[in-house]
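So the structure is just underneath, and the comments pick up after that.
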Amino acid sequence: MPSLLVVAYVVVGLIVAQQHHYFSNVGTIKRLASAVLAVLLWWLILLGINLHIK
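Count the sequence shown with the working numbering and you get residues 482 to 535, in order.
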């Protein structure tokens with residue numbers, strides 16, 4: 482069972498990724514990978530790093 486800290490980290494990642502439009506048109510592998518990276522590395526997005534894979 483995941484700890485509360487892990488759940489909170491993923492929830493914050495989902496919120497940040499959604500606010501920065503990483504879930505719009507998740508139809509291709511590149512866009513899906515960008516969304517997964519955005520959720521896992523959400524703190525980089527807050528620092529201004531773009532995680533969209535081109």
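Glycine included, every Cβ here is placed at the ideal spot set by N, Cα and C.
Quick one: Cα of residue i to Cα of residue j, how far?
{"i": "Ile-530", "j": "Val-492", "result": "19 Å"}
{"i": "Trp-523", "j": "Thr-509", "result": "20 Å"}
{"i": "Ser-515", "j": "Ala-489", "result": "20 Å"}
{"i": "Ala-519", "j": "Leu-528", "result": "12 Å"}
{"i": "Met-482", "j": "Gly-494", "result": "19 Å"}
{"i": "Ser-484", "j": "Ile-534", "result": "30 Å"}
What residues in its chain sit with their C-beta under 7 Å from that of residue i, if we drop five residues either side in the sequence?
{"i": "Arg-512", "result": "Asn-506"}
Which same chain residues end up closer than 8 Å to residue i when comparing Cβ atoms and leaving out the 5 residues on each side of it in sequence?
{"i": "Ala-498", "result": "Phe-504, Ala-516, Ala-519, Val-520, Trp-523 and Ile-526"}
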